[in-house]
Amino acid sequence: MGSGVGWGVGATAILVVASAAYFAYDFGMLRFNNPSLSRYPIQGIDVSHHQGDIDWKTVAAQPNVRFAIMKATEGGDHRDSRFAENWQRAGDAGVVRGAYHFFTFCRPGKDQAQNVLATVPKMPGTLPIAVDLEFVGNCDKVPTLEEMATEVNAFFTELKATFPEKPIFYVTQEFFDQYLKGNEARFPEHYLWLRSVFKEPTQEGCGRWSIWQFADNGTVNGIQGAVDLNALCPSETGFAHLFPAVASN
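Here the sequence shown is numbered in the numbering used here, starting from 33 and rising by one per residue.
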């Protein structure tokens, strides 16, 4: 049995190392995942007004930015202040674009869909609409499974006439475990965009996930500060028409 002093010193050392690791990760000096382009040839970013003024021509020249998913809307009335500019300039630079909506649990899904319809242009050659489903933001409500399924279905029912494609669900592991796991049939059929910054998710032939957000502290030329980094599952075929150069290899 060791002494209390020895354990205290050891625990303090572990805490210091853990704190240093967290600091290094938070400031982009440490990344738990760094998938290579040889294994994940189609990589991209997701952005919002937090990235400020983006030099899209410089961004588009980076080999790890084949696509960009940008925040368009949140809740029933908020529109990202940079969306229209990012959408236009990313398209002009030749980056495959997608738009995402940050879903709030404090507004009806139908109202939120109307916000998307009023904001996001319907254009060919773009990714399907993505919806960000996670427990952050200014809404403290934690819906039941029934409530969540009802509002998410109402959201996509309202969008379907304009955006009929299978949507993308961005989820954290926490949200997936609480609502989607084992209950997929209660929600619209979707592609899964999974956040996993600490480990590489099992691919399962892209049967479970299509896009992997592997870092939220990435650096990309043309963007000041940190940016989220993503990779398309190598065997994902749903988006192949958007990336013909890679898909044909």
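A virtual CB, placed ideally from N, CA and C, is assigned to each residue, including glycine.
Residue environment, residue i, which counts as buried when at least 16 other CB atoms sit within 10 Å
| i | result |
| --- | --- |
| I267 | It is Ser, not Ile, that sits at residue 267 in the sequence shown. By the 10 Å Cβ count, S267 comes out exposed. |
| C138 | exposed |
| E106 | buried |
| L177 | exposed |
| A263 | buried |
| K173 | exposed |
| F230 | exposed |
| Q120 | exposed |
Secondary structure of residue i, DSSP reduced to three states
| i | result |
| --- | --- |
| L224 | strand |
| A52 | For A52, the pLDDT reaches just 43, beneath the cut-off of 50, and the residue's location in the model is therefore unreliable, leaving the point undetermined. |
| A193 | coil |
| Q120 | helix |
| S280 | With a pLDDT of 38 at S280, under the threshold of 50, the predicted position of this residue should be treated as unreliable, though the coordinate-derived value follows. S280 falls in the coil class under three-state DSSP. |
| L102 | What sits at residue 102 in the sequence shown is Met, not Leu. Of the three classes helix, strand and coil, the one that applies to M102 here is strand, per DSSP. |
| N65 | coil |
| Y72 | coil |
| G60 | At G60 the pLDDT is 44, less than 50, meaning the model places this residue with poor confidence; the figure from the coordinates comes in the next sentence. Reduced to three states, the DSSP call for G60 is coil. |
| E268 | coil |
| L177 | helix |
Whole-number beta carbon distance between residue j and residue i, since they are thought to touch under 8 Å
| i | j | result |
| --- | --- | --- |
| G254 | V79 | The Cβ separation is near 11 Å, so there is no contact. |
| A335 | V148 | What is shown of the chain runs 33 to 281, which leaves residue 335 out entirely. |
Member of the options whose CA lies at the smallest distance from the CA of residue i
| i | options | result |
| --- | --- | --- |
| A217 | D248, A181, F201, W241 | A181 |
| F219 | V184, V252, N249, W225 | V184 |
| K89 | E166, Q83, D124 | D124 |
| G239 | Q245, P160, C265, S228 | C265 |
Residue(s) in a DSSP beta bridge with residue i
| i | result |
| --- | --- |
| R129 | A100 |
| Q245 | R227, N262 |
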